[in-house]
Structures are given as structure tokens and as C-alpha cells.
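Chains as they are written, first to last, in my numbering: chain A, 2 to 802; chain B, 3 to 183; chain C, 25 to 322.
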């Protein structure tokens, strides 16, 4: 593996992308204005589960300014529904997510009719003139109802309620439970919420019939995967499709799927021969963009007298919504939850069952952390429960159960290959930042004054930069095995880098430039990183799963190193020295130990383009290299972190104030500490949203009750404290430079940590076990009606919404 | 209907339907796309601009309502030709106050008048000033730091000069008791 | 989320505006700040045929003290009210409530009159108006009239202002010397509509006994509500724990706040009790402090 010699890597380099974004000169999809552009609005299902009896679009089509009205009938045999099945083996039932609802609707918000008009205003007027008659079916709104065998399944051909059922069996669990000193049982759940980037989804498709060329501007984290998805579903040759995704206003996972609207709008452009734009509005976003979380856990832990966890048994149910999403399938959430549940803890015996269950809700998909925040919540709730049942301090209990540094590399019961890390040291670091013991004393003192503070602790191991091995194991149809970077040095000696990763806040224009600058020995100002256009670089996965710095950064490093070697060879040829005697630094290639004998990279670049006679005969002119990198063995690089929070609860109102939030994290080599801290803090903010504020709620009829920003509450500046961050650096043995991914981490633990902290604060008042987030004020007060084992006296059950 | 405004110091006019939102007017009629639209229900603040010196949400105004007004958008904050950043923009860059950048123009337009009326360096006051703007990326830490940093630059740094020297910073800011007669 | 089509007029005088509204025959809607109306139109929940924009009518704006009373022109921005010295000195309850109204950018555009006319049951300004025993002035082509706050709010988003009338000003009488006020609300996030809230104004005598009390709950019913029985119980008493408990019980015994995703009726009832208790406690304390200060000064 090629060595990384950090110079700019590790520095707090200010972001290259900022001036453009700060001055309003970014280019988001809706900023693209094309001549003759038309606008789409979608009529979405107003009911959760129904057969479509009839659709009357005649009046809408007549309205001035309306160009086209389409239903499923107009799409049949022209575009394909989205089917994302896992590969065998594995228990699996398929679903087809139609581009427009075809005969049946399966969730409120499912697209039914599309209108293309001169403006979005007119298109929305036309929606009001469309009549759809539904024959309503009883909606399947909970996993419990689905499993009970409803009158009408979400997918009528199914035999069972689930997309997938997976099992994991490691060790003789019955024996361990029978012999254990004690057993702790709890049920927990994480509410449904979602990523909610500030920019909603948007797509502009522009089709040129003369050349059969389709250009698609879209808000996506993965342009190349989208190109393939569009080609497959539109039946178009892939080389005729260009996907452009310049600035994207936040992704968080919800822009890493192929959606029906993507296929629909592209298709409409090919039908009309004019640019067609669809910009999702916020109401549509809350209905039609994937939702996340909504996991249910039945947990049991067997432990010995010292509080050592001997075995864990888990049943994991995920409310997968109506359809399996492309390219992950509905199996990703339950599979990952089952795989990562045990986290930092050394659990030798582990049995788990997991299901993704279909309901009449918006399809579920990955949001920052994917299944990890729910799994972390479940495991850390279980640890707090064991701490309660054994009477051991929650921090101490966790320490006793950690996988130790001398056990690295460590294979977990689910088969994850932890590559490195000292979990105990990270726990120490977090406790030190919080000043755990002193904070416990302060908590005790303030209780005397009638103030109720609580401390919460949580930890996780985050598999990042998963490569081929991991995705093959999951049975995904698309294996995100590598990313690619193409680097070109131009005739003036400046550098253009095209990674296949996509940046929507992560700062790749800066961090990838840092990597390239170090490898090429030139100034960062001479490097430009441009991503988001499928025409610029061969192929790669895009930005998902905390992979970009490892994969695209690694690929950029490899390409830059190869270019550096070419520069050296050209210099050696001209200086008439051995290439081994040369080094690259400060923008020149020079003789080691004799720096006066040097040639500038600008000069070499000029030769490579304009003076072929100065190039060694076995080298081609120009300076361009494309490299792909998959971080072999492809099992991932494992970051980890410990989070702690101090909260204060107002026991009369149930409101929670987060006084302090501490993160001690280890993501291997840090490329840019400013950006790492920003990612951590931003992740924590989203996690706090899920812990205290954000929840998508449906009524029994399947109507979503949270379709506006009066109901769906994302955190404001008042809801997120400064996050106190400490770093450790255990380099990954598997990746270039020892870098690990870290983009998702911050969002993983807050639910667990806040739940523990609130429970801790409420305990002296008689508060019980926290089984669910988000902790609305009412749920906090209702803790007074729950006992520490999580049981709810019957008379209070209806309050446990 | 005809809408004529002073947009970032220059006249701009267009004929639009009464129902056209000011946010659409700025973005799609005047083609100033730095003002972003995040919700069209007043819940995110991304579309914040200034009308007659006050920070308001452009998705909650019809363009026709600001006929005759002075409208200022993020494009006016930096130098149009050389791109030189306003001290507030510099501070956002220095303190990592932005990630995806979509919410950023709204924050800047909310903060510019707030900073013009006096130092803004108390954490709670800063959080109050930005509580109507949602940032989904940063967790606000970099933004709060940036405001403090900008406040120090603008109000304390002798090289920056007085607020009056900054021209636009002092103009049209709402003053205490502005509505009293 | 684009609004449906409508006609628009922005008259320069009240007379013109009233004529336009009358001519619209019930299909017209007044827009002032529009911070509640425009979202409703964007969602297409509201679809007036004609918008009468009253922002260009000079006589509708401004904060003045007239005959000892506070008179706030209908289109006065909430932000200006928040900054007003007249209000801060003379009507502190309003000043205390205003920072809870949404966020700065909303208050920069939102108007005092608009908030009152919109009549959201959880609106801070409505509850303060009711607590202070204020009134509104309304005008139509048929003439002008005043409506007491106690007669104004009749249901959720419903007032006794007729379709052809425009609210022109909010008028608040001066509170007696020695009045202490407090405004408390609990919301999911700062700036959100309250789950429960209470506005209190209490006047005490030298011995701390209540001479006059006013307590208004917001978010507890389809309108903001004055709690006369609780007020009557307070008058003549010092604020002992028992008196407070009884007043709070009287104030909240019959409330049935709505349930929604943010909290059930039972939660809101409980929160309303807490808000009432906190507002009364603080208002009594402020009244006592005010008496103390004035005694020192004299």
C-alpha cells in the first residue's frame, strides 16, 4: 500500500467551497434555468391503502398552460417500477414501487397523477381539477397489525407480513441463560423520523431527441448509481444519460435512493422534448421522501455476578413502509441492526431474529447512521437496564464489558472484523471531559435544591467505508465496492480532480485537495476538485456509509502518487539522473540532498503537453490517471465513539434541557480536524432531534399527522448545545493513511444517551424505564407511571402513546 | 401586475401574477438564486432576505406586496466583481459556520441587520437571533462562533473602522422604539 | 406549495380598503403581516378571492399613548412593539410575551393587529390583550365600533369581527400602579405555539394582598380564556401556597385543551396548571417588588 506522508492532511485547512456558498453562487438544482422549461406537480394519494377505481384528468388537461397529464396507464411498458430485491439466499418477498400508483395505493403521499405545465403554480391548479376515486382498504399501520395477519396485506400476493426475515445464532444460548446470575429483559423502540435536508429533492431532465441524449440535473449523493438506475428503469442506453449533481443542500442518506419521481420526470422530458423540472415541496418531502428508524426491539441479557454480559437475545422488527427502496432493499435496516447491536461490548453468545415488515407508510430507508442509531439505542438501553438490575454504576458496567484493545483485531458474533481501537481509552477520555465523578456529585447536590439533572452514557462502533466483502454478505444487488478518482495535471501544472464521491456539506473540495496536495507536493491553491458529473469520471458509488475520505480520498491518493511517479520519470529523463534519486516537494522535482538541481512541476507539465520530445519514449503525453480503491479486504474501517450528556429535566413540565454534550471519538487519521468536528456536532444535532423532537406520526387510518413544520420539529439553535469533543487516533490497518469514515457517527448515540440521562434525572422522583424516543415532554412525565423494569400499570397505558 | 423594486441597489421590474411569492420572484424572475427556498411555510428561514432593511421570510410575502420597496439579498453582501467577502461571511468561513450551504444565505441576511445595530456576542442573544433559521448540517456551533467572531471584527477591530464606515451595515436597521410615536 | 390565484389591491387609505372589502362581499381577506395567512394560502387551505393589503395605509401603524391608554395601530410590526419604550414601561406583560412570538424574522413582518384578528388560541398577543382587559377598534363602510377583548374571541380562528370589517387598532387601558405581570409558556421549541401558557397581571397592596388580579390562559381552549373564578379567589388574599393552589385549581378545573402530536389534553391541562402557578407567583412577586421600589423612591 502506498504510504501517506501528511503535510496538509491533519491541518485545519479552511474550506475551498465556502466563498461560493457564502455569496449565493452555489448551483443547486432549482438554480438551473433552462429555456422552455416546464414544471411538474404530482397528485399524491390522500389515503393509506386503497384500490384506485377511477381517475378523471379531463378537466385538468383542459386548463390553459397544462401540457400533459399522465397516470399509470400512460407509463405502462414505457418505464419500469422500482424493484430492489436482495440476492439469494435469504428469506425475501418482493415489492414493486410503481412510478405512478398502478391500480392500488399503499401509502399517503404515493404519486398517482403527474401534471406538466408552464409553471408550478398552474400545475398545482390542475391537480385540484383531477378526480380520483378510491375503494378504501383497511390500512396496515403497525408491525403488530401486520404480523397478526390483516384482512388485506400491503402486497396481496405475500404469504407473510415481511420483506425479509434474518436469523443469527452464535453459541448455546439456552444453557447460558439457564446458568446466569440474572437476566434483564426490556422492550424498546425508536420513533419514525427522517433526514430533512434543508434542500428538498429536485430534478430537471433535459432531453435532446436528435441525439437521444438525456441530461438530468438532480439532488443526489450518488450520480453514477442514479445513471444506471435511470437507464435500467427508462430502458435507455446508459451512455446516453448524463447525471449532474452540483451543489446539494444536505443529503444525510435520503438523497441516496432512486425515487419514482426521478424516473417519471426523466420520462416526461423524453416525451415532451423539453426540459422538465420537479422541485419537491416540504409537504411532499415529509410524505414522499424516505422515512427512517422506527425499530422495535425485544431484548434479553444474561449476566454474571460481576455484571459481565454473557449472552444477548434480540428480536428486531423494522417498520419498512410500503416498498423496498433502491439500491439498498428493505433488508438493510434489520440486517445492519442485527449485525451491529452488540457494539463495543464483548458478547460471546448472541441470538437474533430480524424482520423488515411492510406497512402502509412511506418506504423506509437509510438516514445518517442507518440502523446504527436504533441498534445503539437498544443496546445502551439494555446496558442501562442491566446497570439498574445489578446496582452497578452505568459507566462502570459498560467498562467491564468492553472489547479490550488487546483483543484487536476482533471478530464480533455477527462476523464484523473490528480493525483497531482502544474502547477503554475512549471511555476514559469522555469521562474525563465530562468530569464524570464531579458531575455525579453536582447532580446529587442539585437534587437537594429540587433540580433534577441526569447523566447519560452511550457508545458505538461504526463500520465505515464498507467495501465489497460487506455488501456481498448483505446480498445487495449493487455492491458499493470501490470509489474512483480521476486526476489531470494540465499544461500549466494545475490539477483537476474528479472524485466519484459527492459532497453535500462534507467539504470534499477541501479534504480531497489536501490528500492530493500532499501526494503531489504542490500547493492546495493549484488543485481544484470537481464532483457530481457522470461525464467527468468513470464510475463509483458516491457518498454514503461514511466512505468518501477512505474510498474516494484513497483513490485520489493512488492516482496522485502515480502521477507523481510520472513527473519524476519525466524529470529524471531530462535531468539525466536516476528516478530513485529524486523527490517531489514544494512544487518541484529535485535531487535528494541537492535541492538546487530541480525542475518545477509547472515546467514538467508544459513538457508533458507541448514538448513530447522531452518525455521518455515509454510514457504517453498528457498527465492523467484514474484510480479506483476499495480498501481491501473490504470489511470496513471501524470508527468508534463514546457520548455523554448532562441534562436537566423540569419535572413539572417534562421538558428537557441538554446542558452538556460530550463526544470522545476515534476515526483513525484525521484529515481536517475542523471538518471532523463539524461533522460530529452536526450529527449530534440530528441525533438530538430524534431524541427529543422529531417524529413522524400517523393516525389509525394511516393519515400522517406531521406534514408541516408546525408538527415535524427539527432542532433550532436553542436545542443544540456546544458539543465538547475529544479525539483519539487509532489508524486503520486496512486503509490508505489509516483513515476511517466518520460522517454518520455523531448521529448514532444521542438517542441512547439522552434516554439514559432523562431516566437518570427522573429516577429519584420515581421515574421508570425509558423505552422510546423521541422524549416529548408528555412521555417524560409519563415515566412517573412506569416502573424501572419498563412495565406500565394498566390504567396508564393509554398515556404511553 | 407590475412589480418594481430596488433590488440590491438596482432597479428591477417584472409583470407577475399577484400570487407569485417573493421568493420565486427573486429566484426565477430576477434570477438571483442565492436566496433559497426550504419550506414555503415560514418554518426554515432559508429564504430570509431584507425588505427595507428588515430580515423577513421571502416565502411569506407576495412579490406585489414589496412593489416600491428596497430588497436586499445575499448577492449584495459581497463585492459583486472581486468576490471580496463581508466580515460576516469571512467569519462563517473561519469558524466552519456552513456545510452544505443551503441555509447559509438566510442566516447571513438575518444576521446582518442584527450585527449592525450593536455588538452581538452573548451566546443566548446569538441563539435568539438565529432561532428562526434552521441549519440541518452544523449543529449551530460554528454559526454561533462565527457571529461572535464577526461581532468582534465589526465592533472592535480598529482596522475595520466604525460601523458608519461600513456603509450598508448601518443602513435601515430597525432601531429601538422605531414604532413609537 | 403555491397559492391559488387571487385578486389583489393595496389601498392607500382606510376608506378605500373598506370599500374594496365590502365590494368583495365576503370573498375578501385582509392581509397585514401575512405570517399566518400566507402559509395557509401556500397549503391552499385558505383561498380568498381578493386580498386587501392594508400595509400601505399610514394611519394604521404606530404605537401611541392616548388618554393614558396604549393604542397600537393594527399594522404595527410585532418587532416594533417589542422594541417600544412605551410598551416596555407601561404595559410590561405585552413586552414579556412578545419574544415568545415565533422568531425575529416573523416578528419583523407580523403585525400586532394581524395576530389578534387571526385569533389563534395559543397566540401570545391575544392572551395579553384579554388579560389587560383591552379592546380593538374595527371599521367598515358601515361605520366604526369597538369590541372588548372579552367579546372578541369566540372560537378557534374565529372573532366577532365581521367579514367587511378591518381591525384598525388595539387599545389597552393602563394597569393600576403597583401591578406586577408575568408571562409563561411551554412549547416544544422556543418560538413554537404554546402547549400551554398563562398571562397574569396582579396588583397588590402594601401588605401583599391582592387588590386586583387578571389571569388568562392560552392554548387551553378554542380561544384564550380569562379565569374569573381564580381572579376572584385571589382578590383580598396574600399568595399563600393554599391560595395559589386553589386559584390554579379554579383556573383549570373546566379546561379541555385539544390533543395533538405534541401533547394530549391531559398533558396540556397539567402544563396549564403549572404555567398558571408560575405566572401568578411571579406576578405577585413583581407587584411586591414594584411597591417596595416605589416606597423607597418616596
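All C-beta atoms, glycine included, are put in the ideal place defined by N, C-alpha and C.
What residues in the region 47-61 of chain B bring their beta carbon closer than 7 Å to a beta carbon of chain C?
-> 47, 50, 56, 57, 58, 59
Determine whether the Cβ of residue 153 of chain B lies closer than 8 Å to any Cβ atom of chain C.
-> no
Straight-line Cα distance separating residue 89 of chain B from residue 155 of chain B = 7 Å
To the nearest angstrom, how far is it from the Cα of residue 59 of chain B to the Cα of residue 80 of chain A?
-> 40 Å
Label residue 179 of chain A either buried or exposed according to how many other C-beta atoms from any shown protein chain fall within 10 Å of its C-beta, with 16 as the threshold for buried.
-> exposed
Quick one: Cα of residue 322 of chain A to Cα of residue 359 of chain A, how far?
-> 5 Å
C-alpha distance - residue 171 of chain C paired with residue 141 of chain C, whole-angstrom precision = 12 Å
Range of the contiguous beta strand (DSSP E) that encloses residue 159 of chain C = 159-164
Specify the secondary structure class of residue 434 of chain A as computed by DSSP and reduced to three states.
-> helix
Under the rule that 16 or more other beta-carbon atoms within 10 Å means buried, what is residue 175 of chain B, buried or exposed?
-> With a pLDDT of 35 at residue 175 of chain B, under the threshold of 50, the modelled position of this residue cannot be trusted; read the value that follows with caution. Answer is buried; the Cβ neighbour count reaches 16.
Give a yes or no on whether 8 Å exceeds the smallest Cβ distance from residue 80 of chain B to chain A.
-> yes
Can you find a C-beta in chain A that's less than 8 Å from the C-beta of residue 248 of chain C?
-> no
Cβ pair count under 8 Å reaching 3, the region 679-687 of chain A against the region 455-467 of chain A | no
When you compare only the Cα positions, how much space is there between residue 2 of chain A and residue 107 of chain B?
-> At residue 2 of chain A, the pLDDT of 46 sits below 50, so the modelled position is not reliable; the number obtained from the coordinates is stated separately. Their backbone Cα atoms lie some 43 Å apart in a straight line.
Min CB distance residue 712 of chain A to chain C below 8 Å | yes
Any C-beta of chain B sitting closer than 8 Å to the C-beta of residue 126 of chain C?
-> yes
Leaving aside the five residues before and after residue 744 of chain A along the sequence, list all residues of the same chain whose C-beta is less than 7 Å from its C-beta, in chain order.
-> 507, 547, 680
Name the chain B residues that come within less than 7 Å of residue 81 of chain C, Cβ to Cβ?
-> Within 7 Å Cβ-Cβ: nothing; residue 81 of chain C doesn't reach chain B, min ~13 Å.
Look at the alpha carbon of residue 319 of chain C and the alpha carbon of residue 260 of chain C, and state the distance between them as a whole number of angstroms.
-> 21 Å
Taking the alpha-carbon positions, what's the residue 617 of chain A to residue 571 of chain A distance?
-> 6 Å
If you check the beta carbons only, do residue 268 of chain A and residue 76 of chain A fall under 8 Å apart?
-> yes
Shortest alpha-carbon distance to residue 51 of chain B belongs to which of B/24, B/82, B/42, B/100?
-> B/24
Since I believe residue 272 of chain C is in contact with residue 258 of chain C (beta carbons under 8 Å), could you give me their beta-carbon distance rounded to a whole number of angstroms?
-> No, residue 258 of chain C and residue 272 of chain C are not in contact; Cβ-Cβ is about 10 Å, not under 8 Å.
Any idea what DSSP makes of residue 64 of chain B, helix, strand or coil?
-> strand
Local Cβ density within 10 Å of residue 175 of chain C, reported as buried at 16 or more and exposed below that = exposed
Taking buried to mean at least 16 other C-beta atoms within 10 Å of its own C-beta, is residue 595 of chain A buried or exposed?
-> exposed
Interface residues of chain B facing residue 71 of chain C [CB-CB closer than 9 Å] = None at all; the shortest Cβ gap to chain B is about 10 Å.
How about residue 147 of chain C and residue 117 of chain C: are their beta carbons less than 8 Å apart?
-> no
Option nearest residue 96 of chain B by Cα separation, candidates A/752, A/676, A/768 = A/676
Within 10 angstroms of its Cβ, does residue 263 of chain A collect 16 or more other Cβ (buried), or is it exposed?
-> buried
For residue 137 of chain C, decide whether its Cβ has a neighbour in chain B, counting only Cβ atoms nearer than 8 Å.
-> no
Residue 514 of chain A to residue 141 of chain B, Cα distance in whole Å?
-> 25 Å
So is residue 65 of chain B in contact with chain C if we call contact Cβ pairs under 8 Å?
-> no
Among all the DSSP beta bridges, which residues are the ones paired with residue 171 of chain C?
-> C/160
Under 8 Å between C-beta atoms, does residue 180 of chain C make it to chain B?
-> no
List the residues of chain C whose Cβ lies closer than 9 Å to the Cβ of residue 778 of chain A, in chain order.
-> 210, 212, 219, 286, 287, 291, 295
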